[in-house]
Structure formats: C-alpha cells, structure tokens
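From first to last, the protein sequence lines are chains A and B. Be aware that the first sequence starts at 1, since it is given in my numbering, and climbs by one per residue. Be aware that the second sequence starts at 1, since it is given in my numbering, and climbs by one per residue. Here is the structure we will look at, set down as structure tokens.
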Amino acid sequence: MEMLQYPFDGAQVLQKKRALKKQLLQTPGLIDKKIAIVGGSTVGEIKNMLELFLLNLGIRPTFWQGEYALFYQNVVFDDGSLAAFAPDILYIHTSNHNLRLWPNPADTPTEAAEKLNDEFAYFEAVWQAAEKLGCPVVQNNFEDPLWRNFGNLDASDMRGRVHHARAMNTRMAEYASSHPGFYIHDLAYLAALHGLDAWCDISTWYAYKYCCAVEFIPALGHSLASQMGSLFGRTKKALALDLDNTLWGGVVGEVGPEGIELGSETPTGMAYAELQQYLKMLAQRGVLLNVASKNEEAAAESGFARADSPLKREDFLCFEANWGPKTHSIAQMATTLNILPDSFVFMDDNPAERELVMQELPEVTVPPVAVPEQSIALLDRAGYFEVSGLSADDIKRGEMYKQNAQRTQLEHSFGNYEDYLKSLEMTAEIVPFNPQQLERVTQLINKTNQFNLTTRRYTNTETEHCMQSDAFITLSGKLVDKFGDNGITSAIIGSIQGQTLNIDLWIMSCRVFKRHLEYAMFDALVQAAKQRGITTITGRWLPTAKNLLVKDFYATIGFTLVSETEQERVFSYNVPASYQPKNTVMKVEG
Amino acid sequence: MNPEQLLQEVQEIFRDNFDDETIVLTRQTNAEDIEDWDSLEQINLLTAIEKKYGLKFNLADVRGLQDVGDLLDLVVRLTA
Numbered sequence: 001m002e003m004l005q006y007p008f009d010g011a012q013v014l015q016k017k018r019a020l021k022k023q024l025l026q027t028p029g030l031i032d033k034k035i036a037i038v039g040g041s042t043v044g045e046i047k048n049m050l051e052l053f054l055l056n057l058g059i060r061p062t063f064w065q066g067e068y069a070l071f072y073q074n075v076v077f078d079d080g081s082l083a084a085f086a087p088d089i090l091y092i093h094t095s096n097h098n099l100r101l102w103p104n105p106a107d108t109p110t111e112a113a114e115k116l117n118d119e120f121a122y123f124e125a126v127w128q129a130a131e132k133l134g135c136p137v138v139q140n141n142f143e144d145p146l147w148r149n150f151g152n153l154d155a156s157d158m159r160g161r162v163h164h165a166r167a168m169n170t171r172m173a174e175y176a177s178s179h180p181g182f183y184i185h186d187l188a189y190l191a192a193l194h195g196l197d198a199w200c201d202i203s204t205w206y207a208y209k210y211c212c213a214v215e216f217i218p219a220l221g222h223s224l225a226s227q228m229g230s231l232f233g234r235t236k237k238a239l240a241l242d243l244d245n246t247l248w249g250g251v252v253g254e255v256g257p258e259g260i261e262l263g264s265e266t267p268t269g270m271a272y273a274e275l276q277q278y279l280k281m282l283a284q285r286g287v288l289l290n291v292a293s294k295n296e297e298a299a300a301e302s303g304f305a306r307a308d309s310p311l312k313r314e315d316f317l318c319f320e321a322n323w324g325p326k327t328h329s330i331a332q333m334a335t336t337l338n339i340l341p342d343s344f345v346f347m348d349d350n351p352a353e354r355e356l357v358m359q360e361l362p363e364v365t366v367p368p369v370a371v372p373e374q375s376i377a378l379l380d381r382a383g384y385f386e387v388s389g390l391s392a393d394d395i396k397r398g399e400m401y402k403q404n405a406q407r408t409q410l411e412h413s414f415g416n417y418e419d420y421l422k423s424l425e426m427t428a429e430i431v432p433f434n435p436q437q438l439e440r441v442t443q444l445i446n447k448t449n450q451f452n453l454t455t456r457r458y459t460n461t462e463t464e465h466c467m468q469s470d471a472f473i474t475l476s477g478k479l480v481d482k483f484g485d486n487g488i489t490s491a492i493i494g495s496i497q498g499q500t501l502n503i504d505l506w507i508m509s510c511r512v513f514k515r516h517l518e519y520a521m522f523d524a525l526v527q528a529a530k531q532r533g534i535t536t537i538t539g540r541w542l543p544t545a546k547n548l549l550v551k552d553f554y555a556t557i558g559f560t561l562v563s564e565t566e567q568e569r570v571f572s573y574n575v576p577a578s579y580q581p582k583n584t585v586m587k588v589e590g
Numbered sequence: 001m002n003p004e005q006l007l008q009e010v011q012e013i014f015r016d017n018f019d020d021e022t023i024v025l026t027r028q029t030n031a032e033d034i035e036d037w038d039s040l041e042q043i044n045l046l047t048a049i050e051k052k053y054g055l056k057f058n059l060a061d062v063r064g065l066q067d068v069g070d071l072l073d074l075v076v077r078l079t080a
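What follows is the structure in structure tokens.
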C-alpha cells in the first residue's frame, strides 16, 4: 500500500491506522502468524504499527502480549500462557531503559566488569528460557544513553554508561552469531539514524514510558516488520533497473560511454558509482540484478564496459535493453528467472515509467527514485532485501541463475526434451534431512510459493523436530548437473499415521522446474514409505494465489482424486508391490 | 485563532484518528464520550496536535487535561 511504502509519513500512518488496517485486512492471500510481545517499556502503539507493516507484507498477525515491563518474568517464569500461545516469533521489546546494572564512578574496574557480566547473564537467562518456545526470538539491542557523565571518556572507560551499553551490544551480537534462531533487532542503529536526541525524547519516556518518541513508532514498526518478514520469507528477490539517470548520469545513447557521469570526477558521478557498488554487494548476496532500459543494447552495454564502472555486464541476469514497454521487459524477466512479479523492485528516475509499471504490474514494488545521492537510502531503508541469515546458497544464487540461462540455450538445440534432460548429466542427492542442511531447507520451505502443495511454513525448530522424530519421513533433494550445482532445491515432509503417509509438505524451487527432480523425489519417497510398511500415501493441494501450477500435480504422478472442496483437493495413492521408478533421466544418490 | 475554526480542525484530527466521520466535538467532550479514547489514544491525539500546530507540549502542559475545552485552551495559550 502506497501510504506504507518507504519513505512513509509516520504522522500520517499513526493518524490513519484504523482506516489502513481495515483496508489491508481485505488483501487476498494473507498468511496468519502468531507473535508474542514481551517488553521492558510501553508496547501500545508499537504493536499497532508492527501489525500494519506486517499486513502490508501479506502477514496477518495475532498477538499475545505480556504485562507491562515484565519481559523477564513473562519468559523466565512463564505461567504457561506464553507457551500455550505457541508463537511463531517472540519479540522482546527492550531498550537501554532495561539495563539495570549501570556502572558508576565509584566502581573499581573489576566491579564494573562484573556488572557487565551480570547484566549479560540476566538477558541470557531470558533467551535460554525462550528456547523452549521453539520459535525465532527477536530482541532489540541497546541505543546509546542520552547522558555521558564522563563526557567522551564514557565510551572507553569500563565505568562509562556508553561503554556499558555498547559492550552489551557486542556480547549480544556474539550470542546471536552462535545461536541460530536468535535475532537482534538493531534499535541502536535506528536511534542513531533518526538522531539520538529526537529518538530518545525524554518527555515521552517520563510521561508515557515509550522508549522512543511517538513520531518514530511507525519507523520502529516498519523495521521490525521487515525483519520478521524476512523470517517468514517475505522479501524481494530481484531488481529491475533503468540505466540513464538511474545508474549513471546522462543518456549513454547520445553521449557515449565516456560522456556519462560516473566515477570520482564529479559529485554526481560519485553518487552513481557508490550506488553501483551498493547494488553489486546486493548481487553478491543473492539479489538478482536485471536491466530494464529503453536503449540500444550495444549502447547500454557500453556503459558497463568502462574500466571504472563498478557494475559489469556479467553482474546482470536479464539485460532488457530495447524500445518496448518496461512492463513487458519485467514480465519477460519474471518468466526467464521463473519468479513472480511481486518479487521485483523497479528503479527508474522517470515518473512516467514508474507510473506505467505501478498501473500495469501492481505487484511490483516501485520506490520513488529522485536524485542519485538518495537512491541507496531509498533501497537500503525500505527493507526490501532484509535477510535473516546468509546461507551458502545466497552467495551462489546469481551464478546458479546464470547456469540456468546456459541450460535454456542448450534446450533449444534438442528436438526431444528427454534427450535434452539426459544431456544435462544430472545427479540428484536425495536424503533424509540432516543438520547441515536444516537452515537451507527451512529457508526454502518459507519462500517457495509456486511448486508448493500445501504452503505450510515451518520454523527451524519445527523442521528439526520432523528430522528427529520417527513419526515423519523427510527428504531433501539436491541437484547437480554439468553446468553446476543447484544446491538443495526440493523437500518433502510426510507424517506417518499407521500404514498411511500424509504428505504435509512438498516443495520444489522454481530454479529446477521441468527437470524431473519431482519424479526422482517421488521414487525416493515411495522407497522410504515401503521400508516403513506404508500402503497408502495421501497428498493434499491447498490452493493459494500462487500455486496453481501444482493443482493437478498429484494426478500426473498416479494419485487418485478422492475429494475436492474450495479449501483443498485430496489425493490418494496405493503403494504398489512392484514400483516402476518414474525418473529416467538422472542418476540418484541416497 | 478563531475558536470555532480551531474546534473544527481538532475535530478533523479526532475523526481521522478514530476513523469515524460522525464524531462531533464540543468543548465538553471528554474520554467518556468516545469509546476508543483511552490513554494510548490520548498520546496519539496529543502528538497529532503538536504536529499540526508545530508545538511541543511539556510535561506540565498535558497533566490534568479534562476535556476538549482544556485541550483547545492549551493550544490557544501556546500559539498566542
């Protein structure tokens, strides 16, 4: 929704919150999530703002809220109500007002160090107690204190309050990096970004016990929602980028590559160069860069051929430089990359181009690009590409998509599709979930939309439970071919009920569509089911806005449709005594 | 500032905030009269009024506000 898109007007969002909520609740396809909030200061409006921004990401939260400022008691001495709520996320809303063991000038350095240890242990007890909830835990770190008794020395002396708060943040960061499932919401950064004096409005604290000025509560809610959205797989995947006056200054088709403004010679050129460096870093962690430019292809490419251009032609997956409408270019990219238009962010300095995309492809996110020196902030602070962790797959993603383009080229040279598949020299590794791949499997479960039979989302803890319990059959599928390693791209979770196996989850990344990996997965599933004495396999298709692709999937692999309602289609499969493997094109290792 | 105009503007803020176009304010309107007007909303209303008139209420200003009349008088005093 436009009013909630960064850069939003916080005051307006606060004023219109009721109307906005009503409208957002009408959005089709919202997913439900349970969020528990415990706090160390007033939560009130923060919950409302978090709700709005989550709804804007397609997530409809239900909340459980602890008592005022009792986060420690609520978690460590849970009376059962928190655990019974079974949250999908626990948010611990704390701030530097919740640091209790501030050092003071009378302390010896040893006493100050002990205070720091005790302070950390207090919070660590909360996090350890929260582990039993089996859900991700998000906690704010600590903004700098407003007063510095020692002046500048406060930052370096053990007895300084600034030192104390920052040392706590360092310890928290260490804890987060060694405890998957624990995430820091960087309140210290937000406070610095908006200005400490303005953020920590002291009257607001005295009067209402809000840890930040009311005007910043929307920013806090937005930041939290972006982080939680990334935990639920609601982030963007790709950028469609205009070139002239978006990635460089001037029109390359007119002034040539040497005439465009880019690099250290002018202030504007520096802004464009830094934007390109920023984009390159996004690409390095898996964001897919694409060009959507009205240009001759050769002219467009020449801009990136400059020696001082941070971005090169090969940093882009789709390079749509032509005179057709950009809506067409973006639709084309979505097809080529096999992702949905709602995964795209479109950057263009031309308001007319933006308007057209907003009209024709409303799922695409379109930030209001204005001047180059603000473009990075516009992308960075909107939280589109928020990431909850970096898997090895994220780092390699661009490379994998590139290999896919090579496969497509090869495909065109074969008359027979099966011959083409065989020529890929594929090997699938299909195994029960194991601890090394758990994080990737969970990530895949939470962001796969198209080949997803049930669209059930799992936390890391739930996936781990399925891995460990005898009541489940789990399978992950990894596909390697002559062009490269696609990584883990498919997963199945089935729950055993007597002699029946219910397929709770079956997903496959769009990266490996039409490679017959689903057949190999099914072969392995049947084999595993037989070993457990299963005679019937039940599969369900639960419709969403995005998984129409697999509506009839079970029928195509030999299941019988047994019932059909608006909410689900149920299929059944009798495991035959002698099973003929469906996969004929790849080698399978188990 | 014209008292009637001020009342209309503040009424607009209330209507926006409670998403209710039927709200009609008088100087006597208080938290008992509007169902959702609780302490949380009081903060939002004050923040919106601060923003609208470019004011910053201090702690003493907002203590003991009983009704819309008190609120209007405060705005008049601070903008005078």
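Don't be surprised by glycine CBs; every beta carbon is placed ideally from N, CA and C. These figures come from a predicted structure and were not determined experimentally.
message: If you reduce the DSSP assignment to three classes, tell me which class A/W147 lands in.
response: coil
Interface residues of chain A facing B/A48 [CB-CB closer than 8 Å]: A11, L14, Q15
- request: Could you pull out every residue in the same chain whose Cβ sits closer than 6 Å to the Cβ of A/P581, ignoring the five residues on either side in sequence?
  value: D523
field: CB-CB length for A/P432 against A/T474, believed under 8 Å
entry: 5 Å
field: In DSSP terms, what A/K33 is bridged to
entry: A/P61
message: Under 7 Å, CB to CB, which of the residues in the stretch 190 to 208 of chain A have a partner in chain B?
response: S203, Y206, A207, Y208
- prompt: Does the Cβ of A/T489 lie closer than 7 Å to at least one heavy atom of the ligand SAM?
  reply: Although the ligand SAM was asked about, the structure shown includes no ligands whatsoever.
message: For the beta strand (DSSP E) containing A/K587, name the first residue and the last one.
response: 586 to 589
query: Is any beta-carbon of chain A found at less than 8 Å from that of B/L59?
result: yes
query: According to DSSP, what are the bridge partners of A/H185?
result: A/N140
- prompt: Taking a cut of 7 Å between CB atoms, which residues from the stretch 29 to 54 of chain B lie near chain A?
  reply: L40, I43, N44, T47, A48, K51
- prompt: Going by C-alpha distance, which of A/H412, A/G233, A/A331, A/A529 is nearest A/P362?
  reply: A/A331
query: What do you reckon, are the CB atoms on A/Y401 and A/L317 nearer than 8 Å?
result: yes
field: Residue range of the beta strand (DSSP E) that includes A/G134
entry: Looking at the DSSP string, A/G134 is not in any beta strand (DSSP E), and its letter there is neither H nor E.
- prompt: By Cβ distance below 7 Å, which residues in the same chain neighbour A/I339 in space, the five residues on each side in sequence not counted?
  reply: K237, A238, C510
message: Using beta carbons (cut-off 8 Å, strictly below), is B/D67 in contact with chain A?
response: no
message: Can you give me the C-alpha to C-alpha distance between A/F451 and A/I507, rounded to a whole angstrom?
response: 5 Å
Contact set between the stretch 40 to 57 of chain A and chain E, restricted to residues whose Cβ is under 8 Å from the partner: The structure shown has no chain E; the protein chains it does contain are A and B.
- prompt: At least one CB of chain A closer than 8 Å to the CB of B/D70: is that the case?
  reply: no
message: Does the structure place the stretch 2 to 20 of chain A close enough to the stretch 199 to 206 of chain A that three or more beta carbon pairs sit under 8 Å?
response: no
query: How many angstroms separate the CA atom of A/I35 from the CA atom of A/K447?
result: 19 Å
- request: Enumerate in chain order the residues of its own chain whose CB-to-CB distance from A/V575 is below 8 Å, with the five nearest sequence positions on each side excluded.
  value: V526, A529, K530, I534, T535, T536, I537
message: So the candidates are B/D73, B/L74, B/N58, B/A48; which of them puts its Cα closest to the Cα of B/E12?
response: B/A48
task: State whether the stretch 171 to 190 of chain A contacts the stretch 139 to 148 of chain A, with contact taken as three or more CB pairs (one from each stretch) at a distance under 8 Å.
output: yes
query: chain A beta carbons: is any one of them nearer than 8 Å to that of B/F18?
result: yes
- request: Please confirm whether A/V38 and A/I92 have their CB atoms less than 8 Å apart.
  value: yes
- request: Verify whether the separation of the beta carbon atoms of A/L241 and A/L289 is less than 8 Å.
  value: yes
Buried or exposed (CB count within 10 angstroms, at least 16 for buried), A/Q437: buried
- prompt: How would you write the range of the alpha helix (DSSP H) that A/G269 sits in, first residue to last?
  reply: 267 to 284
message: Measuring straight from C-alpha to C-alpha, what distance separates A/D315 and B/I23?
response: 57 Å
task: Would you kindly report the start and end of the unbroken alpha helix (DSSP H) that includes A/F304?
output: 297 to 305
query: Residues of chain A with CB under 9 Å from B/V24, in chain order?
result: Neighbours of B/V24 on chain A: none; closest Cβ ~18 Å, over 9 Å.
task: Classify A/G44 as helix, strand or coil using the three-state DSSP reduction.
output: helix
- request: Please report how far the alpha carbon of A/N416 lies from the alpha carbon of A/T408, in whole angstroms.
  value: 14 Å
task: Return the residue from the list A/L99, A/G221, A/V137 that minimises the CA-CA distance to A/E119.
output: A/L99
- request: Tell me A/A491's beta-bridge partners as DSSP assigns them.
  value: A/S476, A/I507
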